[in-house]
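S.K.: Going down the list, the sequences are from chains A, B and C.
Heads up: the first sequence at position 135 corresponds to 153 in the numbering used here, and the numbers run straight through without jumps.
Heads up: the second sequence at position 137 corresponds to 169 in the numbering used here, and the numbers run straight through without jumps.
Heads up: the third sequence at position 123 corresponds to 142 in the numbering used here, and the numbers run straight through without jumps.
Each residue gets a CB set at the ideal place from its N, CA and C atoms; glycine is no exception.
Note that the coordinates shown come from a computational prediction; the quantities given were computed from them, not determined experimentally.
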Amino acid sequence: MTLVVSDLSVDHGAIRAIDGISFRIEEGQMAAVIGANGAGKTTLLRALSGLTRATMGSATWQGHELLYSKPEKLVRLGVSHVSEGKSVIPELTVDENLQLGALWRRNSEESRATREKILETFPRLAERLSQPADTLSGGERAMLAIGRALMSKPQLLLLDEPSLGLAPLIVEQIFQSIRDLTTHMGLTVILVEQNAMSALKIADFGIVLNLGRIAAMNSAQQLIFDPQVRAAYLGY
Amino acid sequence: MYQLINTILIGITSGAIYSLMAIALVLVWRSARVVNFAQAGQALLSTYIGYEFIQKFHSFWLALLLAMIAGAAVSALIDATFMRTLFRRAGHGPIAGVAPIIATLGLLGVIRSGLGLIVGGKDVRIAPPVSNVGYTVSGHTLAFSPLKLLVVGSVLILMLVLSLLFQRTNVGLALRASAYSPEIARLAGVRVDGMRTLGWALAGAAGAAAGMLQTPDGSGALSPDSLEFSLLLVFGFIAAVIGGLESLVGAVVGGLLLGMVLAFVLIYISTSLVFITAFALLIVVLLVKPGGLIGSRRGRRA
Amino acid sequence: MRKFMNSYFGRLAFFIVLGFVLFLASNRVDELRVYQGATVAMYVVAISSLILLTGYSGQVSLGHGALLAIGGYAAALARNHFSAPIWLCFVVAIVATAMAGAVIGTAAARLSGPYLAGSTLALAVGLPSIANQFHILGGEQGLLFDLGAPPARLGADFTQYKWYFWIASVVALIAIWLLQNILRSRFGRTWRAVRSNEVAAELAGIHVGKSKTLAFTVSAGLAGLAGALLAMTIGTVSPSAFPLTLSFALLTGAVLSGVTTLSGVIIGALVLVATPDIADAISNRFASSDNVTTNLPGLLVSSLLILVVLLVPNGPVEQMRTLRARRSVKKTQ
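1) Whose Cβ in chain A lies nearer than 9 Å to the Cβ of R208 of chain B?
2) Are the C-beta atoms of L84 of chain A and some chain B residue less than 8 Å apart?
3) Would you mind working out which of C:R346, C:V320, C:L323 and C:V48 sits nearest Y180 of chain C, comparing C-alpha positions?
4) Report the rounded CA-to-CA distance for L319 of chain B versus A242 of chain B, giving the unit in angstroms.
5) Examine chain B for any beta-carbon lying closer than 8 Å to the beta-carbon of T70 of chain A, and answer yes or no.
6) Between the beta-carbon of L182 of chain B and the beta-carbon of V162 of chain B, is there less than 8 Å?
7) Looking at the secondary structure, which residues open and close the alpha helix (DSSP H) in which W79 of chain A lies?
8) Less than 8 Å between the beta carbons of L26 of chain A and I39 of chain A, yes or no?
9) In this structure, how does DSSP classify F176 of chain B when only helix, strand and coil are distinguished?
10) Say whether chain A places a C-beta atom closer than 8 Å to the C-beta of V281 of chain B.
11) Can you name, in chain order, every residue of its own chain whose Cβ lies under 6 Å from the Cβ of S279 of chain B, other than the five neighbours on each side?
12) Tell me the residue span of the beta strand (DSSP E) that contains S27 of chain A.
13) Within its chain, find whatever has a CB closer than 8 Å to the CB of F267 of chain C; leave out the 5 residues flanking it on each side and keep chain order.
14) Counting pairs of Cβ atoms below 8 Å between the segment 285 to 304 of chain B and the segment 128 to 144 of chain C, do you hit three or more?
15) Using 8 Å as the threshold, is the C-beta distance between G224 of chain A and I36 of chain A below it?
16) Please go through the segment 86 to 137 of chain C and give each complete alpha helix (DSSP H) segment of 4 or more residues, from N-terminal end onward.
17) So, helix, strand or coil for M235 of chain A, using DSSP?
18) Once DSSP output is grouped into helix, strand and coil, what is the label at T206 of chain A?
19) What residues in the segment 300 to 315 of chain B bring their beta carbon closer than 9 Å to a beta carbon of chain C?
20) Quick one: any contact between the segment 238 to 255 of chain C and the segment 102 to 119 of chain C, if contact means 3 or more CB pairs under 8 Å?
21) As a quick exercise: from A:H30, A:A72, A:G204 and A:E114, pick the residue whose alpha carbon is nearest that of S148 of chain A.
22) Using the beta-carbon count (16 or more within 10 Å), is Y300 of chain B buried or exposed?
23) Comparing C-alpha positions only, which one of A:S98, A:M169, A:A160 and A:V112 sits nearest to R124 of chain A?
24) Would S216 of chain A be called buried (16 or more neighbouring beta carbons within 10 Å of its own) or exposed?
25) Take E83 of chain A and list the residues in its own chain whose beta-carbon comes closer than 8 Å to its own, dropping the five residues that flank it on each side.
26) With distances taken from CA atoms, which of C:Q199, C:P169, C:A187 and C:L146 is nearest L31 of chain C?
27) Taking the straight line between their C-alpha atoms, what separation do you get for I122 of chain A and V224 of chain B?
28) Just verifying my parser: in three-state terms, what is the DSSP assignment at R329 of chain B?
29) For I216 of chain B, count neighbouring C-beta atoms within 10 Å of its own C-beta (all shown protein chains included) and say buried if the count is 16 or more, exposed if not.
30) Check D222 of chain A in the structure and name its three-state DSSP category.
31) Take the Cβ of M19 of chain A as the centre, count every other Cβ of all protein chains shown within 10 Å, and call the residue buried at 16 or more, exposed below.
32) Per DSSP, K98 of chain A is paired with what?
33) Taking Cβ positions only, does I216 of chain B come closer than 8 Å to chain A?
34) In chain order, what residues of the same chain lie with their CB nearer than 6 Å to the CB of G161 of chain C, ignoring the 5 residues before and after it?
35) Name, please, each residue of chain B whose Cβ falls closer than 8 Å to the Cβ of L121 of chain A.
36) Buried or exposed: where does R332 of chain B fall if 16 or more other Cβ atoms within 10 Å of its Cβ makes it buried?
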């Protein structure tokens with residue numbers, strides 16, 4: 019049940035955003051993908067979730083090919099993507115955003131259990147269930163987006179910069195919650211982040227992307243102490 | 033005194049029909065960000081189908097239901113084939129904004145002339161299922177009859193059903209999510225294309241109802257050149273735009289407002305000022321609120 | 020050769036030559052064709068006004084028929100009440116409609132997509148009915164617009180319709196030439212910038228509202244001119260000469276021509292004039308009822324519109340350019 023990506027390339031018109039990358043992620047592990055802006059991190063997630071059509075290569079998960087399919091189909095295969103920035107629907111209430119994630123599931127017992135767990139982890143959401151999502155603060159929106167993704171009962175979770183625009187303290191809380199929830203649910207996670215340090219701290223291993231190629235790949239611990247990575251992305 | 037009451041009643045009844053057309057337009061706009069100019073044409077087509085059903089089954093009610101189903105089916109077909117092809121071919125070019133308007137106008141023309149070719153010249157009439165004789169109150173005849181009560185009642189029921197559908201059901205949630213943020217809805221597993229087609233289908237049903245309910249109320253005659261058809265086309269659209277295109281409530285408000293204003297102008301001033309009044313009302317509303325009366329909170333996001 | 024054609028004098032020469040060709044042609048065809056030729060010229064002006072507004076400035080108008088009406092009535096009033104000479108009637112039509120366009124344009128600039136479409140639709144339906152209210156506008160019968168017989172020095176053989184054809188063609192040629200110059204100037208570039216991305220244009224220092232209003236004003240002026248030409252060819256102006264279907268037909272013509280470029284405008288105009296003829300021929304061939312004759316033209320035009328939008332959305336001229344470009348890329352590979 020590993021995620022195996024081989025020779026993945028994605029073109030945006032004439033520009034090759036991702037250039038022949040390959041990696042594996044074992045089931046239940048969290049991989050942090052870090053790199054500068056424009057390195058291809060978001061494109062990677064979009065290709066895996068079906069929002070962007072890959073040009074070449076393959077990504078297999080549980081025996082299924084993930085690439086070249088529509089997002090709706092991939093959700094049913096257990097892939098859930100929290101996209102960058104616009105991850106909640108502002109006109110719907112908090113409750114409705116959560117419900118949205120579980121719409122395609124038939125089993126309402128399980129959905130209810132998942133919902134309980136999410137609200138338990140993010141009590142701020144429980145307080146605001148009937149409020150429209152555009153009244154939430156940045157941190158609450160991140161929580162809601164993650165909650166919505168989890169409601170789809172994913173097995174592979176793709177998170178695109180959940181820390182964007184959030185205060186450092188909130189980032190700590192949210193990252194810890196993410197780690198707790200995903201370990202509890204046995205999820206495989208790809209966490210794309212600009213905030214390399216926070217991401218590597220909670221991840222099992224890391225991939226460094228630069229200009230669409232893999233510049234380094236190692237366990238998270240190793241990367242934290244790698245001098246080149248430290249200089250380029252960790253700031254010391 | 034009775035003239036005032038009658039004017040209000042006329043305003044409500046005609047406004048109800050415009051609201052129904054406006055609802056159809058809003059449904060498509062919210063599902064697909066397209067103004068479906070062919071809506072009135074589809075309504076006409078569905079009404080013809082309803083007429084055929086009346087001939088066959090001799091029941092207005094059954095025919096109404098079947099016409100609505102037929103209207104929904106035709107509408108869904110239009111989205112699944114015509115509109116999908118259109119977006120694939122013209123959705124990203126320089127005329128992306130204008131293409132759906134032109135395409136639906138073309139569709140309107142085809143339906144209108146096509147129907148004219150097939151059934152024009154024949155005398156097609158739909159008789160009222162209930163009496164159209166006005167109720168009398170202390171010797172005065174009101175401009176309100178069982179038929180008109182039926183029309184207004186049907187619109188209210190339809191609006192209620194649609195609101196409940198949208199706000200209280202899973203399908204409604206999926207429809208709204210698909211309309212607000214198709215990308216996020218996809219990521220949540222919602223079949224966005226299917227939801228869009230469903231929106232078109234609902235609109236087709238609403239339009240069919242508008243046509244079926246309006247025809248017996250007027251002269252009863254059905255024809256692409258009739259005044260009723262033009263009114264349905266133009267005023268339904270104006271009502272939708274006044275209401276703001278973003279909400280069903282707006283559609284109803286727009287329709288009723290238009291109906292009332294036109295009724296007053298019609299009775300108290302002059303019949304020939306009707307179109308220019310509609311235009312003036314539209315301009316006044318848009319000057320004050322460029323996004324319509326019940327404009328979206330998000331502002332312009334076309 | 021292409022360089023010459025693209026230069027200022029090259030284009031001017033082209034129009035002059037075209038004018039001569041038309042003059043020669045008009046001597047060889049019958050009255051009906053000459054009359055149709057005048058109508059084609061009128062449509063060329065009308066469609067080009069829509070190409071400017073929609074193709075270049077990105078604003079949708081479903082109500083250009085109303086603007087034609089303003090021009091037509093203005094010309095008729097100038098003629099009837101002031102015995103204005105021909106050229107002055109046209110100038111009055113242009114100015115009057117342009118002023119109306121400026122007013123409408125300022126309101127229109129604030130509206131987006133469907134709201135603009137809705138307002139212009141209401142305008143198309145509402146404006147002509149105003150004429151019914153005012154006696155000076157002739158009510159339902161309308162006003163006469165008589166430009167008089169052709170001048171004697173053109174000879175006794177010079178028919179009325181040939182005179183109309185001449186006037187319409189000369190006017191159209193001048194109008195298109197001027198429009199082409201405007202579209203190639205910085206105004207045209209500004210309009211295109213606003214059409215592709217309003218926010219970016221605003222950030223680049225373009226005053227979007229003014230630009231849109233200007234486009235509307237110029238477009239209206241052209242539409243008014245077309246309206247005067249229409250009035251000339253049919254001899255009267257009345258509300259029934261400017262129905263909603265006229266506005267739709269113009270939009271159709273613009274799309275058929277390729278709404279983003281002026282090069283194909285003659286195609287749309289020809290189709291609009293030819294279709295009723297073709298429809299007549301078809302229904303005569305099959306000896307059909309009145310029913311068919313009234314509805315067939317509409318069916319043909321609408322079907323054509325749908326086909327064009329689906330198959331050739333940018334218009335035939337652009338499509339050919341793209342094909343030619345692709346072929347030359349293939350050659351170099």
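M.R.: Here's the rundown:
1) I107, E109, L110 and E114
2) no
3) C:V48
4) 29 Å
5) no
6) yes
7) No alpha helix (DSSP H) holds W79 of chain A; the beta strand (DSSP E) holding it covers M74 to W79.
8) yes
9) coil
10) no
11) I326
12) L21 to H30
13) L81
14) no
15) no
16) 105 to 127
17) strand
18) strand
19) S302, S304, L305, V306, F307, I308, T309, A310, F311, A312, L313, L314 and I315
20) yes
21) A:E114
22) exposed
23) A:M169
24) buried
25) S76 and A77
26) C:Q199
27) Looking at the sequence shown, residue 122 of chain A is not Ile but Trp. The straight-line gap from Cα to Cα measures roughly 12 Å.
28) Residue confidence for R329 of chain B is low, a pLDDT of 49 falling below 50, so the modelled location carries little weight; the figure read from the coordinates is stated next. If DSSP states are grouped into helix, strand and coil, R329 of chain B belongs with coil.
29) buried
30) coil
31) exposed
32) Note on identity: in this sequence residue 98 of chain A is Ser, with Lys being the wrong assignment. Beta-bridge pairing links S98 of chain A to A:L175.
33) yes
34) T255, V256 and S257
35) N202, L205, A206, A220, G221 and V222
36) Because the pLDDT at R332 of chain B is just 35, under 50, the model does not fix this residue reliably, and the point stays unresolved.
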